[in-house]
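Undergrad: Sequential numbering from 26 applies to the sequence shown in my numbering. The beta-carbon is built from N, C-alpha and C at its ideal position, and this holds for glycine as well. Model, not experiment: these values are computed from the prediction.
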Amino acid sequence: MKNLKILILLFLVNVNLLAQNTTTGKVTYKYNLNEQSFGEIKNQEIVEKFKSSLNRSRDKINYLLTFNEKESSYKIIKFLIPDNEKFMEYATLITGGTEEYYTNIVTKKRLKKIDFIGDKFIISSSIDKKWELTQESKKIGKYFCYKAKLKKSNNVKEAKIKLPEIEAWYCPKIPFRFGPKGYGDLPGLILELTVGPISYKATKIELNPKEEIDIIKPRNGKLISEKEFDNLLTRINKRKS
């Protein structure tokens, strides 16, 4: 028991030291495909095209999270898509490559920029999400992580939109409440995020990089609340039915 208390104390000291010494960071993510998540899709032709595009583009598309003590931004690392590789364009759309995210843990706000029905929207929402923390753990690289599951809360029931399963692996030793795709507010940096059939996993972590970190809010879009955007989805869905 005495040895266990000493180990816990040392762990907490290391976490506090890292928090004090780290003020900025950069994390590069790559996506991966969870093929077992396609069970509910009956159209196998669509599934195969979906899987083919994602598998062929997996090593060519990266995403970057930059953060400081208060805010973060997340977006695709810019690259050119060759004309003869349309599958990369499709994979980029599927994995959210055209989206941009900005998160502020002081104001508890998240901004998400998307292209939708020919327009650009910046959706404002709260970062307060209901996570279920578990004791399940694993190592990602050299970092010890814990698993958390996002509790479902469907604000668009009238639109009959089924939300994907979302789970995160966060690292308490890197005590920053950020992650891919605007998710966060967990007791540690998210090093792996799974949204439905797609996972985003950290492949490179730079704490206190030499170059200056710029956190840029999404621009050039119509600012709209999450509720207003949900209502827009509902109206579009009713037109189709």
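Looking at the secondary structure, which residues open and close the beta strand (DSSP E) in which K134 lies?
TA: Here the beta strand (DSSP E) through K134 covers 134-141.
Undergrad: At the level of alpha carbons, what is the spacing between S224 and L158?
TA: Going from the Cα of S224 to the Cα of L158 covers about 19 Å.
Undergrad: For Y115, report the span of its alpha helix (DSSP H) as first-last.
TA: Here the alpha helix (DSSP H) through Y115 covers 111-119.
Undergrad: For E251, which three-state DSSP category applies?
TA: Helix at E251.
Undergrad: Pull up the CB-CB distance for K206 and L218, whole angstroms please, since I reckon it's below 8 Å.
TA: Going by Cβ atoms, the distance from K206 to L218 rounds to 7 Å, so yes, they are a contact pair.
Undergrad: In chain order, what residues of the same chain lie with their CB nearer than 6 Å to the CB of E125, ignoring the 5 residues before and after it?
TA: These residues qualify, in order along the chain: K100, K138, P243.
Undergrad: Which same chain residues end up closer than 6 Å to E236 when comparing Cβ atoms and leaving out the 5 residues on each side of it in sequence?
TA: So no residue of the chain qualifies.
Undergrad: So does the segment 79-90 actually touch the segment 239-259, counting three or more Cβ pairs closer than 8 Å?
TA: Because the criterion of three Cβ pairs below 8 Å is not met, the segment 79-90 and the segment 239-259 do not touch.
Undergrad: State the Cα-Cα distance for the pair I191 and N59, rounded to the nearest angstrom.
TA: Roughly 13 Å separates the two Cα atoms.
Undergrad: Anyone know if the C-beta pair for K145 and G246 falls short of 8 Å?
TA: In contact: K145 and G246 (Cβ atoms closer than 8 Å).
Undergrad: Spell out the partners DSSP gives N93 in its beta bridges.
TA: Per DSSP, T49.
Undergrad: Count the C-beta pairs between the segment 156-171 and the segment 115-134 that are closer than 8 Å, then say yes if the count reaches three, no if not.
TA: The answer is no - the segment 115-134 does not touch the segment 156-171, with fewer than three Cβ pairs under 8 Å.
Undergrad: When the Cα atoms are used, what is the spatial distance from Y171 to T49?
TA: Approximately 22 Å between the Cα atoms of the pair.
Undergrad: Take the Cβ of D153 as the centre, count every other Cβ of all protein chains shown within 10 Å, and call the residue buried at 16 or more, exposed below.
TA: With fewer than 16 other Cβ atoms within 10 Å, it is exposed.
Undergrad: V52 and I230 - do their beta-carbons sit closer together than 8 Å?
TA: In contact: I230 and V52 (Cβ atoms closer than 8 Å).
Undergrad: Within 10 Å of its beta-carbon, does K252 have 16 or more other beta-carbons around it, so buried, or fewer, so exposed?
TA: Looking at its Cβ environment, which holds fewer than 16 other Cβ atoms inside 10 Å, K252 is exposed.
Undergrad: Look at the alpha carbon of K74 and the alpha carbon of K174, and state the distance between them as a whole number of angstroms.
TA: One C-alpha to the other measures close to 29 Å.
Undergrad: Would N57 pass as a contact of K163 if the rule is Cβ separation under 8 Å?
TA: No, the pair does not count as a contact, with Cβ atoms beyond the cut-off.
Undergrad: Apply the 10 Å Cβ neighbour rule to I261 and answer buried if 16 or more other Cβ atoms are within range, or exposed otherwise.
TA: Classification of I261: exposed, given that the 10 Å Cβ count is below 16.
Undergrad: Pick out the complete beta strand (DSSP E) segments inside the segment 168-229, 3 residues or longer, and give them in chain order.
TA: Taking only runs of at least 3 residues, the beta strand (DSSP E) segments lying wholly in the segment 168-229 are 168-175, 191-196, 214-220.
Undergrad: Do you know how far the Cα of P189 is from the Cα of K76?
TA: So the two alpha carbons sit approximately 17 Å from each other.
Undergrad: Within 10 angstroms of the Cβ of L248, are there 16 or more other Cβ atoms? Answer buried if so, exposed if not.
TA: So L248 ends up on the exposed side.
Undergrad: State the DSSP-derived secondary structure class of E73, mapped to helix, strand or coil.
TA: Three-state result, E73: helix.
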